[in-house]
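Scroll down for the structure; my scribbles are underneath it.
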Amino acid sequence: MRDLDDLFRALAQSPFRSRFRLGPKERAYLAEKTLPVILEHGRRFLEERLTPAEPRNDGRQTPLRGHPIFLAQHATATCCRGCLAKWHRIAAGRPLSPPEMEHVLKALERWLVEQSSADA
Ligand SMILES: [Zn+2]
């Protein structure tokens with residue numbers, strides 16, 4: 189698994205990854221629900237869509253809008269097993285391990301915290 193400082197430096201260099209932002213709606217939702225609850229949603233999405241060895245529709249399972257976690261996934265390249273392999277060095281083709289799941293949640297949390305403290 190890739191170190192998160194190293195990962196976030198690389199993400200900042202990617203025009204595609206760095207254009208994702210929380211919009212006013214997602215910010216309001218995050219503030220209302222609080223970060224721990226949003227991360228619980230994240231854990232559920234990951235279990236359903238990313239943990240299986242061969243997730244259904246891999247590469248297209250993460251919507252581009254609708255929940256702060258979806259935006260965080262695209263911004264942190266945790267949207268599919270292909271991106272996890274390429275960006276996070278987590279091999280595809282087998283289930284995500286519990287430490288890998290925690291790694292992904294840490295990446296999502298870090299991005300959400302950065303976004304909620306950034307200027308709107
Ligand atoms: Zn992806």
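Everything in the sequence shown is counted per my numbering, starting at 189 for the first residue and increasing by one.
For every residue, glycine included, the Cβ atom is placed at its ideal position computed from N, Cα and C.
Is the number of C-beta pairs between the region 203-213 and the region 233-249 that are closer than 8 angstroms three or more?
With contact defined as three or more Cβ pairs closer than 8 angstroms, the region 203-213 and the region 233-249 are not in contact.
Within 10 angstroms of the Cβ of glycine 230, are there 16 or more other Cβ atoms? Answer buried if so, exposed if not.
buried
Runs of alpha helix (DSSP H) wholly within the region 251-307 (minimum 4 residues, chain order):
Within the region 251-307, the alpha helix (DSSP H) runs of at least 4 residues that lie entirely inside it are, in chain order, 256-263, 269-276 and 286-305.
CB of isoleucine 226 within 8 angstroms of CB of leucine 300, strictly
It is a contact, given that the beta carbons lie within the stated cut-off.
Reducing DSSP to helix, strand and coil, say where arginine 207 ends up.
coil
May I ask whether a heavy atom of ligand 1 can be found less than 7 angstroms away from the beta carbon of glycine 254?
no
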